[in-house]
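These notes are about the structure you will find just below.
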Amino acid sequence: MFENNVTRRGFVTGAAAVAGLAGLSTIAPALANAAPGAAPDPARSADQHTPAEIQAAEVGALAMMTFQKIDGTPVYYWRSNRGNTTARNWQATDAFYNALVAWVRDLRSLSSSYGSISYIVSAGFYVDKPGQHGAGTAMDLDHVRWSNGNVTSPLDQHHASGTAALRKRYLATEAVCRRRFRYVLDGWYNADHRDHIHSDFGGMPVRVLKDSEADTKFVQGTCNNFRASGLAIDGIWGPATTSAFNGLKSALGVTGDPHTSTAVWQGMLSKIATKGFANQNI
């Protein structure tokens, strides 16, 4: 699978940072390819960040910018104290923060029927450990709350909720992440990500790849939850997934090739998100 060949934890290069920044003011940015990174440390494969690591990040990110809000929306940390609304200093590169701004604006626009976004909860951005987090180019999303009271909570494993509306909202939120970040790993990807959605700059540009386990599982989960496709969420893009994906494209009125075109894939993701926030089938 693609994730095993070009790791999401590889350090981002200067070119990748520029790629993430390019075209963020448009709906379909023209992003350059990033170089593949180093292999992950097997001893630290779990994508979890302790309060001590977060605290170390606050004093160790000398080359990063510091923020407490993304485009005015506060970002809290609940892993050591759920419900805590104390302001926290987060770090990321300038390019990644600009991508976060584009992401949160997408999220506001596509979920506008929910009102404003009251706050976001994260498990970490820059963290002093190997990979994209250590490069300041990753986000772990735990929870989003809107002013009308709606929430989506990867922290509470909403991808596996018994309530269809929560699963659709989770997938809608993930679709928005996928509009701006290449590697997005969700609760279906593996057990390490059952309680957050990981997004990073690795492997730009944004598109959907058949040999990507993470992309395939997102497509399979989307087809199952919006169209009752009955696919095994196994990360293998076989004939059944191809048929279901083509049906999804047709139902959404998508033309063009989302496997090769960033613009087509981003447009398709917007349509998925709109349906998910409205709790509608496709």
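For the sequence shown, my numbering puts the final residue at 283, and the numbers step up evenly by one. Glycine included, every Cβ here is placed at the ideal spot set by N, Cα and C. Since this is a predicted model, take the numbers as computed values, not measurements.
Point to revise | 6 Å CB neighbourhood of Arg-89 in its chain, flanking five on each side removed | key: Tyr-78
Check your understanding: Helix, strand or coil: which one does DSSP assign to Thr-67?
Key -> strand
**Study point:** Beta-carbon proximity list for Ile-28, same chain, < 6 Å, skipping 5 on both sides
**Key:** Any reading at Ile-28 needs caution, since the residue's pLDDT is 30, under 50, leaving its predicted position unreliable; the model's value is listed next. Contacts found: none.
Check your understanding: Are Val-185 and Ser-200 closer than 8 Å when you measure CB to CB?
Key -> yes
Review point. Can you name the residues that DSSP bridges to Asp-129?
Key: Answer is none; Asp-129 lacks a bridge partner.
Point to revise | Exposure label - Lys-276; buried when at least 16 CB within 10 Å | key: buried
Check your understanding: Are the Cβ atoms of Phe-202 and Phe-97 separated by less than 8 Å?
Key -> yes
Point to revise | Closest residue to Arg-208 among Ile-121, Asp-95, Pro-131, Leu-270 (Cα-Cα distance) | key: Leu-270
Point to revise | Sub-8 Å separation of Tyr-120 and Phe-278 beta-carbons | key: no
Practice item. Rounded to whole angstroms, what's the CA-CA distance from Ser-113 to Arg-180? Just pull it up for me. Key: 17 Å
Exercise for review: Look at the alpha carbon of Ala-223 and the alpha carbon of Thr-87, and state the distance between them as a whole number of angstroms.
Suggested key: Residue 223 is actually Thr in this sequence, not Ala. About 35 Å.
Check your understanding: Any contact of the region 230-243 with the region 133-142, i.e. 3+ C-beta pairs under 8 Å?
Key -> no
Point to revise | Run of the alpha helix (DSSP H) containing Ser-110, from where it starts to where it stops | key: 95-111
Check your understanding: Which residues in the same chain as Thr-67 place their Cβ atom closer than 6 Å to its Cβ, once the five residues preceding and following it in sequence are excluded?
Key -> Asn-90, Gln-92
Check your understanding: Leu-210 by DSSP, collapsed to three states: which one?
Key -> coil
Check your understanding: Which residue from Val-102, Ser-123, Leu-253, Gly-254 puts its Cα closest to that of Gly-84?
Key -> Ser-123
Practice item. Check each candidate in Ile-283, Glu-175, Arg-195 and name the one with the smallest Cα separation from Asp-216. Key: Glu-175
Exercise for review: Please report the residue range of the alpha helix (DSSP H) in which Pro-259 lies.
Suggested key: Per DSSP, Pro-259 belongs to no alpha helix (DSSP H) and is neither H nor E.
**Study point:** Limits of the unbroken beta strand (DSSP E) element including Tyr-77
**Key:** 74-77
Practice item. Helix, strand or coil for Ile-273, going by three-state DSSP, please let me know. Key: helix
Exercise for review: Check each candidate in Ile-118, Asn-82, Asn-99 and name the one with the smallest Cα separation from Pro-75.
Suggested key: Ile-118
Exercise for review: Let me know the secondary structure DSSP gives Ala-88 once reduced to three states.
Suggested key: coil
Review point. Where in the region 170-245 do unbroken runs of the beta strand (DSSP E), each at least 3 residues long, occur, reported from the N-terminal end onward?
Key: 184-186, 198-201
Practice item. Label Thr-94 either buried or exposed according to how many other C-beta atoms from any shown protein chain fall within 10 Å of its C-beta, with 16 as the threshold for buried. Key: buried
Review point. Helix or strand or just coil, what does DSSP make of Thr-263?
Key: helix
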